[in-house]
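Everything on this sheet refers to the single structure shown next.
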Amino acid sequence: MPLAEEEKLPYKSPRELEQEIARLEKEMKSAADALEFEKAALIRDESKELKKALEEVMAG
C-alpha cells in the first residue's frame, strides 16, 4: 500500500519545501565548484523531486 504524500516527505509546508530546495541548490553549486560532479548530479536529482512535490502541493 503506497504511503500518503505527507508520509513520504518530511516537510510539512510549501515554505519548508522551498527552503530545502534552496539549500540543495547551494549545496549542488558547492559540489560543482569543487568538481564533485557526481555528487552535484545526485543533489540536482533530489532537488528536482522536491520541486515536483512542491508543484503538486501548490496545485492542491
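Using our numbering, the first residue of the sequence shown is number 5, and each one after it goes up by one. C-beta atoms are modelled at their ideal positions from N, C-alpha and C, and glycine is treated no differently.
8 Å contact criterion, which residue i and residue j should meet: CB distance rounded
i, j, result
"residue 28", "residue 51", "4 Å"
C-beta atoms of residue i and residue j nearer than 9 Å
i, j, result
"residue 54", "residue 31", "no"
"residue 14", "residue 61", "no"
"residue 57", "residue 47", "no"
"residue 33", "residue 26", "no"
Three-way DSSP call (helix, strand, coil) for residue i in this model
i, result
"residue 38", "coil"
"residue 51", "helix"
"residue 23", "helix"
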